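Taken in order, these protein sequences are the chains called A and B. Mapping to the UniProt record's numbering: the first sequence position 339 is 339, numbers consecutive. Mapping to the UniProt record's numbering: the second sequence position 133 is 133, numbers consecutive. Note that the Cβ used here is the ideal one computed from N, Cα and C, for glycine as well. This structure is a prediction, so every number in the text was calculated from the model and none was measured.
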Amino acid sequence: MTRPAKAENALELTDLSVAYRVAGRNRAVLRNLSLNIGQGEAYGLVGESGCGKSTVALTVVRYLPRNGLITGGAISLDGQDVMKLDAEALRRARAESVSMVYQDPGKALNPSIRVGRQLTEIFELGGITGQAAQDRAIAMLNRVRISDPTSVMQRYPHQLSGGMQQRVAIAMALANDPSMLILDEPTTGLDATVEAEVLDLIAQLRQELSASILFISHNLAVVSNMCDRVGVLYAGMLVEEGPTEVVFNDPRHPYTVALLRCLPRGGQRKDQGRLDTIPGFLPGIGAAITGCAFADRCALADDRCRTELPPLYDLGGRLSRCHYHEKAQALPRATPSNVAPAPKAAAAPVLRVAGLNKTYASHGHALRAVKDVSLDLRPGETLGLVGESGSGKTTFARLLLGLVPPDEGGTIELEGKALAPRLANRSDDQIKAMQIVFQNPDSALNRSHSIRHLISRALKRLAGLSGKALEARLNDLVRSVRLTDRHLAVKPRQLSGGLKQRVAIARAFAGDPRIVVCDEPTSALDVSVQAAILNLLADLQSKEDVSYIFISHDLAVVRYLSDKIAVLYLGRIMELGPSEDVFAGPHHPYTEALLSAVPKLDQTETARIRLDGEIPSATNPPSGCVFHTRCPRKIGAICEQQEPPLSEAQPGHSIRCHIPYGELARLQKAVVTEPA
Amino acid sequence: MSAVQTSSPTPDDTRQRGPLAEVLFSLLRSGTFLTGLVIVLFWVGCAIFGEHFAPYDPLADDIINALAPPSAEHWFGTDQIGRDVFSRVIVGSRDILTVAPLATLLATVAGTALGLITGYFRGIVDDVVSRILEAFMAIPVVIVALLAIVALGTSKTTVIVVIGLSFAPIIARTVRSAVLAERELDYVAAAQLRHESALHTMFVEILPNVIPPILVETTVRLGYAIFAVATLSFMGFGIQPPSPDWGLSISSNYGMIGGGFWWTVLFDALAIASLVIGVNLAADGVHGALND
Chain A
1 MTRPAKAENA LELTDLSVAY RVAGRNRAVL RNLSLNIGQG EAYGLVGESG
51 CGKSTVALTV VRYLPRNGLI TGGAISLDGQ DVMKLDAEAL RRARAESVSM
101 VYQDPGKALN PSIRVGRQLT EIFELGGITG QAAQDRAIAM LNRVRISDPT
151 SVMQRYPHQL SGGMQQRVAI AMALANDPSM LILDEPTTGL DATVEAEVLD
201 LIAQLRQELS ASILFISHNL AVVSNMCDRV GVLYAGMLVE EGPTEVVFND
251 PRHPYTVALL RCLPRGGQRK DQGRLDTIPG FLPGIGAAIT GCAFADRCAL
301 ADDRCRTELP PLYDLGGRLS RCHYHEKAQA LPRATPSNVA PAPKAAAAPV
351 LRVAGLNKTY ASHGHALRAV KDVSLDLRPG ETLGLVGESG SGKTTFARLL
401 LGLVPPDEGG TIELEGKALA PRLANRSDDQ IKAMQIVFQN PDSALNRSHS
451 IRHLISRALK RLAGLSGKAL EARLNDLVRS VRLTDRHLAV KPRQLSGGLK
501 QRVAIARAFA GDPRIVVCDE PTSALDVSVQ AAILNLLADL QSKEDVSYIF
551 ISHDLAVVRY LSDKIAVLYL GRIMELGPSE DVFAGPHHPY TEALLSAVPK
601 LDQTETARIR LDGEIPSATN PPSGCVFHTR CPRKIGAICE QQEPPLSEAQ
651 PGHSIRCHIP YGELARLQKA VVTEPA
Chain B
1 MSAVQTSSPT PDDTRQRGPL AEVLFSLLRS GTFLTGLVIV LFWVGCAIFG
51 EHFAPYDPLA DDIINALAPP SAEHWFGTDQ IGRDVFSRVI VGSRDILTVA
101 PLATLLATVA GTALGLITGY FRGIVDDVVS RILEAFMAIP VVIVALLAIV
151 ALGTSKTTVI VVIGLSFAPI IARTVRSAVL AERELDYVAA AQLRHESALH
201 TMFVEILPNV IPPILVETTV RLGYAIFAVA TLSFMGFGIQ PPSPDWGLSI
251 SSNYGMIGGG FWWTVLFDAL AIASLVIGVN LAADGVHGAL ND
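Set out below in structure tokens:
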């Protein structure tokens, strides 16, 4: 493939403005956006959802939805003016010089065509056919570190794991050796271990390829690990740009400062202070912005900010769109950091689970989703459940709630009384004592009902209230989750994700529960909203003395909220102990691998422990220790033959591993794993 | 796309149209729906006010002018006992437009209840009820009608019951699949965690969310119901003489076509066709508006 001499920049956006036409009006999404990506450079674009990140990606290849239009500016791809290309030239540019990888590989691949065919098709478009195309396809799969490309070629996308699918999608994107690779949230929705694997791959490919990368993500830590330079997008405007390390360690725009503060970092815990939040909301698309777009949410803003749009101040190699960039870091906290009181210790357990099992029948095989789980939970305590998807976290939560009946034999005791396995046989007092906040509020809140109906129905059924008393409690409850009266009349779809999750929390708290299961309650939310929800959960806990079972794949979030951690793998508890001990180590090799997979913002390059492959099928779990197939610290035949017991290594801290505790400590000291 | 969807829902955005208003808005902009609506409303108008503007009494015979071809006096000609075909076509919409919608209503109510029950309880309830419904669907409407007439005698009520019950399983199947999807959503689990009764969960929690597919299915079924009523009347199982019903008129006159008296049949047939097309166009519009 011959190409004209390379332009100085792989991508240049100049004063780019894009609008979506909604209900007959053009609504601005990108506002005079200018950015350059140099040859071979990786550029990260971050911002909350609705900032216009994906629109940038779509605009570069002029692939906007039908109601989207470019209202001004220029796009130059490798020196070529994209705006001037005719349909044929545009098609060629998309085929040859720019490639995209999307968030959900399951949707990017055609489910009914074999992987091999999907790959060779790309080469055929370029005129390479038959065996040559096959060979090229195999070479591509080798390149993305797929160890058995010939067999992968024969498979359909659904037969591959999420990580493998994303590798195939990346292989397809790289097939024509593009000069520009656009990655739009390529690891969002993948497990931390798989995410680490895909990010490692991208990092390795960067050294082999000449492609420039536009990396779009809401995850600041991922961008900080992957990119040379980063741009922070807010309301369709670039508010800050500069070398990644500089921007994240020394931010000069209040929005960047605030975003970074929302993340629980450096092992921060709920009793050490609350997370900061960003008040208010992102301006809606098409909103008229006179001064600084962030002024309404910025505690530093004065009249100048509200009336005069700040230019992108050049601070020597970096840019900031803030009149007061020199004092951006002095941004006062939006949420006071006063500490919630520590939980009262030594009360009798509110929940006691012993020998809980759940077996599903799957095509004649027994699928053991949860195996022999025993643990207990004290009032006001949070138990964090961690593990990859498929580890049985959600099934365990559903067993507790009675939504799924467990196998015979196990016991669940609530405040000393055994709970019936089925929800229908539990008393009203028992059901109101244990409630749940689901992951996805769109599914959990009935979209036909108003917020008032949703909460008052819960109060009626769970608290047995009616009339004036219900009305009074409704008002209290709504205020305690920081909603206001005007939210009551609307339907869920009229609220943002964070507000919907508050409604779900209010509903769970309607009957003064003893235990609330939180199943990934913040994973669909932006970091600023996540911080507010985590604060709310911590506040409610210290006020109501409620216990949480907190499920999350985000270890920093789990660490922030949890007093106790249970690490699950294939339905078994691999490690159980006080949060501090589990994170500080020595830990189970699986926990060690999970911790090491988490991308960290405060980058201290550490040797990463990689987990190869995917979680084995629960219908046919490995013999002996179920983790031995992926374990980086496997010691030998004993791991394959004998299942290790969950033994107490230290008071309250149990590990299921053949390696003695002292030995684990020694091994893990050698690799200093920075905790999440 | 995502930018459009995710950035707008600030709580202050109260100018947003509700879902119902949005559907109405898009219905009123749909040419298909409006065309169908005009046709249907025309026939509804004829059914209600037809008597007042029909030039002749649709039941009055005039043997001397029997089988007169279309003329200025009798636009659509006269039938074998001299009744004015034009007047009969206009007034003939009355019976079909009461029987077909009532049958559809019965089918919708029964089908929705069955669909909710099978979709909500799943398992053995679903297996048993669904097999019975399938067995029922396998019997042609005409056979059911024949049996019902033997048992109940011919009347409009019989036609309504026969068509209503024949269509109920079809609607039940549509509702069931929609309910099965809703059943998986967490709000149903949340209702169980409040110890809500099955009735409450089915009718208060789930039903409002499956209204759109029910509406679409109902409008589609209405078209089929009209056709079925006409067929049954034509076969003599349905509406009885002396009603000027279209199907009935075709049935009593189709022997005349061979003699060249096409006008005694053609206009009734066109009337049936136009009403079915009108309803189907409207159904299409509803489908489009609800699935945008």
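Quiz item: For A556 of chain A versus P264 of chain A, is the C-beta spacing smaller than 7 Å?
Solution: For A556 of chain A and P264 of chain A, yes; Cβs fall inside 7 Å.
Quiz prompt | A42 of chain A - DSSP class collapsed to helix/strand/coil | solution = In the structure shown, A42 of chain A sits in a strand (DSSP, three-state: E or B).
Quiz item: Hey, does H195 of chain B have any beta-carbon neighbour from chain A nearer than 7 Å?
Solution: Cβ-Cβ to chain A under 7 Å: yes for H195 of chain B.
Quiz item: Of all the CB atoms in chain B, is at least one closer than 7 Å to the CB of F438 of chain A?
Solution: Yes, F438 of chain A lies at the interface with chain B (some Cβ there is under 7 Å from its Cβ).
Quiz item: In this structure, what does DSSP give as the bridge partners for A19 of chain A?
Solution: DSSP lists A:A28, A:L69 as partners of A19 of chain A.
Quiz item: Looking only at DSSP bridge pairs, what is V38 of chain B linked to?
Solution: Residue pairing by DSSP places V38 of chain B in no beta bridge whatsoever.
Exercise. With 7 Å as the C-beta to C-beta threshold (strictly closer), list the residues of the segment 414-438 of chain A near chain B in chain order.
Key: Along the segment 414-438 of chain A, going in chain order, the ones with a CB nearer than 7 Å to a CB of chain B are L423, D428, I431, Q435, I436, F438.
Quiz prompt | Secondary structure of P169 of chain B, DSSP reduced to three states | solution = Assigned with DSSP and collapsed to three states, P169 of chain B falls in helix.
Quiz item: So the beta strand (DSSP E) C518 of chain A belongs to, where does it begin and stop?
Solution: Per DSSP, C518 of chain A belongs to the beta strand (DSSP E) from 515-519.
Quiz item: From the beta carbon of R21 of chain A, is the nearest beta carbon of chain B less than 7 Å away?
Solution: Closer than 7 Å: no.
Quiz item: Should the segment 21-39 of chain B be called in touch with the segment 71-78 of chain B, which here means at least 3 C-beta pairs below 8 Å?
Solution: They do not touch, by the three-pair rule.
Self-check item: Contacts of D62 of chain B in chain A (Cβ-Cβ under 8 Å)
Solution: In chain A, no part has a C-beta under 8 Å from the C-beta of D62 of chain B; the shortest such distance is about 58 Å.
Practice problem: Give me the Cβ distance between G72 of chain A and S151 of chain A, rounded to the nearest whole Å; I'm assuming they're in contact under 8 Å. | Solution: About 50 Å; that fails the 8 Å criterion.
Quiz item: Does any C-beta atom of chain A lie closer than 7 Å to the C-beta of A178 of chain B?
Solution: Cβ-Cβ to chain A under 7 Å: no for A178 of chain B.
Exercise. Answer yes or no: do I278 of chain A and S528 of chain A have a C-beta to C-beta separation smaller than 7 Å?
Key: Result yes, Cβ atoms of I278 of chain A and S528 of chain A sit closer than 7 Å.
Quiz item: At least one CB of chain B closer than 7 Å to the CB of A133 of chain A: is that the case?
Solution: No, its Cβ sits nowhere closer than 7 Å to a Cβ of chain B.
Practice problem: Give me the Cα-Cα distance between V286 of chain B and T112 of chain B, rounded to the nearest whole angstrom. | Solution: Cα atoms of V286 of chain B and T112 of chain B: separation of roughly 18 Å, rounded to the nearest angstrom.
Quiz item: Taking A510 of chain A as the reference, which of A:M83, A:I565, A:K432 has the closest Cα?
Solution: Per the Cα distances, A:K432.
Exercise. Please report the Cβ distance between E388 of chain A and I615 of chain A, rounded to the nearest whole angstrom; I am assuming they are in contact, meaning their Cβ atoms lie under 8 Å.
Key: Between I615 of chain A and E388 of chain A the Cβ distance is about 5 Å, and since that is below 8 Å, they are a contact.
Quiz item: If you drop the 5 nearest sequence neighbours on each side, which residues of the same chain put their C-beta closer than 8 Å to that of I659 of chain A?
Solution: P589, R633, I635, L667.
Exercise. For P11 of chain B, collect the residues of the same chain with a Cβ closer than 8 Å to its Cβ; drop the 5 residues on either side in sequence, then sort them by chain order.
Key: Per-residue confidence for P11 of chain B stands at a pLDDT of 41, beneath the threshold of 50, marking its modelled position as unreliable; the derived number appears in the next sentence. Nothing listed; no residue qualifies.
Quiz prompt | Distance between D612 of chain A and T187 of chain A (C-alpha atoms, nearest Å) | solution = Going by the C-alpha atoms only, they are around 16 Å apart.
Self-check item: the segment 193-222 of chain B: positions lying closer than 8 Å to chain A by Cβ
Solution: Legend: CB atoms of the segment 193-222 of chain B lying less than 8 Å from CB atoms of chain A belong to residues L193, R194, H195, E196, E205, P208, N209.
Quiz item: Beta-carbon of L33 of chain A versus every beta-carbon of chain B: anything under 7 Å?
Solution: It does not; no Cβ of chain B falls within 7 Å.
Quiz item: Within 7 Å (strictly less), CB to CB, does A295 of chain A reach chain B?
Solution: Judged by the 7 Å Cβ criterion, A295 of chain A is not in contact with chain B.
Self-check item: Neighbourhood of W246 of chain B by C-beta distance below 8 Å, restricted to the same chain and skipping five residues each side
Solution: So the qualifying residues of the chain are V89, G92, S93, I96, A230, S233, D268, A269, A271, I272.
Exercise. Determine, using beta carbons only, whether G652 of chain A and G585 of chain A come nearer to each other than 7 Å.
Key: No, these two residues do not count as a Cβ contact at 7 Å.
Quiz prompt | Beta carbon proximity, Y224 of chain B to chain A, threshold 7 Å | solution = Any Cβ of chain A closer than 7 Å to the Cβ of Y224 of chain B would place that residue at the interface, and such an atom is absent.
Quiz item: So the alpha helix (DSSP H) I565 of chain A belongs to, where does it begin and stop?
Solution: Per DSSP, I565 of chain A belongs to no alpha helix (DSSP H); it is in the beta strand (DSSP E), 564-569.
Quiz item: Nearest-angstrom Cα distance between T673 of chain A and L375 of chain A?
Solution: With a pLDDT of 47 at T673 of chain A, under the threshold of 50, the modelled position of this residue cannot be trusted, and the question is left open.
Exercise. Put L11 of chain A into one of helix, strand or coil per three-state DSSP.
Key: In the structure shown, L11 of chain A falls within a strand segment according to DSSP collapsed to helix, strand and coil.
Quiz item: Which residues mark the beginning and the end of the beta strand (DSSP E) in which G384 of chain A is found?
Solution: G384 of chain A -> beta strand (DSSP E) spans 382-386.
Quiz item: Sorted by chain position, which residues of the same chain lie with C-beta nearer than 8 Å to G106 of chain A's C-beta, five sequence neighbours on each side aside?
Solution: So the list reads P157, H158, G162, Q165, once near-sequence residues are dropped.
Practice problem: Using a Cβ-Cβ cut-off of less than 9 Å, give me the residues of the segment 114-146 of chain B that come near chain A, in sequence order. | Solution: If the cut-off is 9 Å between Cβ atoms, the segment 114-146 of chain B has nothing near chain A.
Self-check item: Residue range of the unbroken beta strand (DSSP E) whose run includes A361 of chain A
Solution: Per DSSP, A361 of chain A belongs to the beta strand (DSSP E) from 351-362.
Exercise. Report back the beta-carbon spacing between L222 of chain B and G36 of chain B to the nearest angstrom; my notes put them in contact at under 8 Å.
Key: Contact doesn't hold; Cβ gap of about 11 Å is too wide.
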